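Number 823 in our numbering belongs to position 64 of the sequence shown; there are no gaps in the numbering.
Heads up, the beta-carbon is just placed ideally off N, CA and C, and yes, glycines get one too.
Because the structure is a prediction, the values reported are computed rather than measured.
Some notes on the structure that comes next.
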Amino acid sequence: HRIESECQIDWRPSAGRNAYHALQPFVFMRRSVDASTGPIAKVSCQLGKQFSVTGAEFRGPRGGFWVEKKLNTPEGGEEGEPCWLLVEGPGFGVEGPLL
């Protein structure tokens, strides 16, 4: 991830990448196998924390962009717990992307 001169953040992983980094001191997680169901939790984390992802993506009905966290990685939640991470989206009170 890099910060460009106009303070715009290049947050999308390029082809073949399998990780996102926290751009806020928290993330929103949906602990569920199905990205469209389950409770959403706001979880504290360090800026720059890396989250390994599977490459699966989900666009919610209000436009939120979610990515699936790889199983067997301890980043947020319990190890091996199915989980989706919000990259960006409306309705969460955050300006700009989270990952």
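Sub-7 Å separation of residue i and residue j beta-carbons
i	j	result
PHE787	LYS808	no
LEU830	VAL846	no
LEU844	LYS828	yes
Nearest-angstrom Cα separation, counted from residue j out to residue i
i	j	result
SER791	CYS842	5 Å
GLY836	ALA794	With a pLDDT of only 49 at GLY836, under the threshold of 50, the placement of this residue in the model should not be trusted, and no figure is reported.
Buried or exposed by the 16-neighbour rule on C-beta atoms within 10 Å, applied to residue i
i	result
ALA815	exposed
LEU782	buried
GLY823	buried
ARG789	buried
Ignoring anything shorter than 3 residues, give me the beta strand (DSSP E) runs that lie fully in the region 781-833, in order along the chain. 785-789, 799-803, 809-818, 824-828
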